[in-house]
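K.L.:
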Amino acid sequence: MTDVERVLTWADAKKLSEATANAVISLGFDSMEALALLEGEDLQKTKIPIGQQKLLLKSIRQSFKAETENAPKSSNGGLPACPTTEDACAPEVTDIQDGGNNNKNNPTSGLTDTCVGNVFESITTAAISIRCHKSR
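Each residue of the sequence shown is one higher than the one before, counting from 13 in the numbering used here.
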């Protein structure tokens, strides 16, 4: 069974109209993983009747309730929290040169190679996670 067939089967089981299911798929929610991410604002500019929109959102909440309850809470859409200088930066490595300014008010003047590496690793990990999630 393909991802689209799974979405259509799920929609039928939830008593959603075929037109609603096809509209959701045409919006790009063409897999169960994508469907789990659908939110009310995604439907605002569609021609899906309000009753079907409400039924769709209710069905998504019910179907993916356990998944969302077990997911780590994040205020930034599920991405890892942004590291602070204190969290990500280890001051024991040689400081990055700041062009001779040595400006103590510049928050980047005390960053270290380790810090930059930690931040870069966090960004790379987040990007890979997003890319992997989109390709499912």
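Idealized CB from N, CA, C, for every residue including glycine.
With DSSP run on the structure shown, which of helix, strand or coil describes I72?
P.N.:
Locating residue 72 in the sequence shown gives position 60, counting from the first residue. Here I72 sits in helix by DSSP.
K.L.:
Using the rule of at least 16 other Cβ atoms within 10 Å of the residue's Cβ for burial, across every protein chain shown, is Q74 buried or exposed?
P.N.:
The residue you call residue 74 lines up with position 62 of the sequence shown. Label assigned to Q74: exposed.
K.L.:
For a test of the three-state rule: what should DSSP assign to D54, helix, strand or coil?
P.N.:
Taking the first residue of the sequence shown as position 1, residue 54 is located at position 42. Reduced to three states, the DSSP call for D54 is helix.
K.L.:
Report yes or no: do the stretch 19-27 and the stretch 48-60 share at least 3 C-beta pairs separated by less than 8 Å?
P.N.:
Short answer: they don't touch.
K.L.:
Measure how close the beta-carbons of E31 and T58 come, nearest whole angstrom, since I'm counting them as under 8 Å.
P.N.:
Looking up residue 31 in the sequence shown gives position 19. Looking up residue 58 in the sequence shown gives position 46. Here residue 31 is Ala; the residue named in the question, Glu, does not match the sequence. Actually they do not touch by this definition, with Cβ atoms about 11 Å apart.
K.L.:
Whole angstroms is fine: what's the gap from I72's alpha carbon to T14's?
P.N.:
Position 60 of the sequence shown, counted from the first residue, corresponds to residue 72. Position 2 of the sequence shown, counted from the first residue, corresponds to residue 14. Cα-Cα distance, rounded: 19 Å.
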